[in-house]
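Quick note on numbering: the sequence shown equals residues 6 to 401 in our numbering. A virtual CB, placed ideally from N, CA and C, is assigned to each residue, including glycine.
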Amino acid sequence: MNVHEYQAKELFVKFGVPTSPGRVARTAEDAEAAARELNSDQVMVKAQIHAGGRGKGTFKSGFKGGVHMAKTPAEVRDFAAKMLGETLVTHQTGPDGKQVNQVLVAQAVDIAKEYYLAILMDRATGAPMVIASTEGGVNIEEVAEKHPDKIIRTPVHPLLGLQSHQARSIAAALGFRGGPFRQATDLLLALYRLFVGCDCSMVEINPLVATPDGRVLALDAKFNFDDNALFRHKDVVAMRDESEEDPREVEASKYGLNYIGLDGSIACLVNGAGLAMATMDIIQYAGGKPANFLDVGGGASKEQVSAAFKIILADPRVEGILVNIFGGIMDCNVIATGIVAAARETGLKIPLVVRLEGNNVEAGKKTLAESGLALTAADDLKDAARKVVAAVGKAA
Ligand code: ADP
Ligand code: MG
């Protein structure tokens, strides 16, 4: 799960990570009021979407930039009016862009230097990793590619946590001295407490800044939370903004389905994450493109299968469906019954290829055969993939 920058700032305040004061606004008038509250001669107006690159983004209206500095409350109102309700396209949103429904009005800070700072779960070491760089504010992927020596990586022992000597080393390597050195060290330790305390999989501050008067502040925030730990963070769950998410995934999450929307045309319904991955691979291998990842798991109910099938059928990208079930714990007949129920309710007009194997497979095949649904049976995975790709090709 992701949150907006203004929400991330609330967590900064809670955990003692210094940031510039500000608040969210949903109308241009309220943005103006927020600017008056700040009582500052320079105020930032920042589009709130779950994507980065806002500063360099362009609105579909033609208006350039999702991050602006204003000198008066009236100017803040004008910027907010140009952003609210408009669609912002950045290199992270894809060509469709994202609609801006709120703006952050924050105090503008004088910047002496911009840095990059992130903490994330590192797959290679299986532990948290602090990533820092003096080359902040810009595209960090580019820095990693062209100047890998400018990226400081510090693995953290998951049981010991970030040690103060590690925080001091990072602050020193970034070139901080004196007062700012102590502030950067404290900020690192506070950010690590936030990372662990909120079960984040990533926190990214780009830019972290030093001001001419010697303060160190976080000016941007991108957080990613581990969905498996959300049950113990009601305050974080309350920050969820479903309008920022793929509607297919929002629907799937209501039924506890492991679903990820993709942009191909062949939907798949599979039990087991590994088998689901293999199914997507083999669809590609047969010349097709998967429309989703979907693992219904070993203990799915008929209702869950039915809901999954409806999500697939409601997806305009989908031109064919591959059901690939190897029933170990899963009862094949539960899958078959769920599919038949959903297909009856919504009407199935696209090719459906089914490969069923394992636990109670005979009953499952019987349910499908007696349903009168026009489906193609497949013997094995390769056969199934070939058949669904061929059927979609023919339909097109
Ligand atoms: P994004 O990464 O989505 O483009 P940022 O929050 O990083 O958005 O903003 C873009 C740039 O705007 C930053 O790199 C920084 O230079 C400037 N900026 C952002 N917030 C402030 C602020 N409160 N005061 C001064 N400058 C800011
Ligand atoms: Mg940024």
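Ends of the alpha helix (DSSP H) at residue i?
i    : result
K418 : Here the chain covers residues 6 to 401 and nothing more, so residue 418 does not appear.
E250 : It is not in any alpha helix (DSSP H) - E250 carries neither H nor E in the DSSP assignment.
I136 : Where I136 is concerned, there is no enclosing alpha helix (DSSP H), although the beta strand (DSSP E) it sits in stretches over A132 to S138.
A172 : S169 to A178
D35  : A33 to L43
Q309 : K307 to L318
E146 : I145 to K151
D240 : K239 to V242
Measure the C-alpha to C-alpha separation of residue i and residue j and round it to an integer number of angstroms.
i    : j    : result
V359 : V328 : 5 Å
T351 : F314 : 10 Å
E250 : G183 : 43 Å
G141 : A379 : 57 Å
P5   : A312 : Since the first residue shown for the chain is 6 and the last is 401, residue 5 is missing from the structure and cannot be characterised.
G219 : A243 : 35 Å
V301 : L262 : 6 Å
A374 : I271 : 22 Å
L164 : E209 : 22 Å
A178 : E15  : 28 Å
E10  : L109 : 8 Å
G377 : F200 : 53 Å
A56  : Y121 : 17 Å
I116 : D231 : 32 Å
L167 : P252 : 38 Å
Q309 : I288 : 24 Å
A198 : V48  : One detail in the question is off: residue 198 reads as Arg in this sequence, not Ala. Going by the C-alpha atoms only, they are around 29 Å apart.
A346 : A383 : 21 Å
N4   : I54  : The shown model of the chain, from 6 to 401, leaves out residue 4, and the question about it has no answer.
A341 : E254 : 23 Å
L235 : K76  : 40 Å
L93  : S138 : 28 Å
K155 : Q171 : 17 Å
N229 : K239 : 15 Å
D101 : T63  : 12 Å
F17  : S206 : 16 Å
H162 : K259 : 35 Å
G266 : M282 : 13 Å
T284 : N297 : 11 Å
List the residues that DSSP assigns as beta-bridge partners of residue i.
i    : result
R28  : V110
T190 : Paired residue(s): none; T190 is not in a bridge.
N7   : N229
C205 : F230
D300 : N263 and V275
E362 : F331
T284 : BP columns for T284 are empty, so no partner.
V393 : For V393, which the question treats as bridged, DSSP gives no partner whatsoever.
R158 : I136
I340 : Answer is none; I340 lacks a bridge partner.
V18  : Bridge partners of V18: none, in fact.
F64  : L93
Output the boundary residues of the beta strand (DSSP E) element that contains residue i.
i    : result
P118 : What sits at residue 118 in the sequence shown is Lys, not Pro. Element bounds for K118: K118 to D127.
Y264 : N263 to G266
V48  : V48 to A52
V72  : V72 to A75
V94  : T92 to V94
V221 : V221 to A223
Within its chain, find whatever has a CB closer than 6 Å to the CB of residue i; leave out the 5 residues flanking it on each side and keep chain order.
i    : result
G58  : T95, H96 and Q97
H73  : V50 and F84
P23  : L222
V214 : I116, E119, L222 and L224
K28  : A small correction: the amino acid at residue 28 is Arg; Lys does not occupy that position in the sequence shown. Only A39 meet the Cβ criterion.
G292 : V394
P160 : T130, A132 and M134
A257 : Y264 and I316
F68  : K87
When every heavy atom of the ligand GDP is checked, does at least one fall within less than 6 Å of the C-beta of residue i?
i   : result
S45 : Judged by which ligands are present, the ligand GDP is missing from the structure shown, whose ligands are the ligand ADP and the ligand MG.
Once you ignore the five residues that flank residue i on each side, which residues in its own chain have a CB closer than 7 Å to its CB?
i    : result
A30  : A36, A39, A85, Q107, V108 and V110
A389 : L327, N329, V358, R360 and A383
D46  : K76
N338 : N365, A368, G369 and T372
Who are the Cβ neighbours of residue i in its own chain at under 8 Å, not counting the five residues just before and after it?
i    : result
G60  : G70, G71 and V72
P212 : I116, E119, Y120, Y121, G141, G142, L224 and D225
I334 : G303, G304 and N364
T216 : V114, D115, I116, A117 and L222
P26  : L43, A111 and Q112
A149 : I156
Quick one: residues with CB closer than 7 Å to any heavy atom of the ligand MG, in chain order, please. Going by the Cβ distance cut-off, the answer is G57, G60, G142, N211, P212 and D225.
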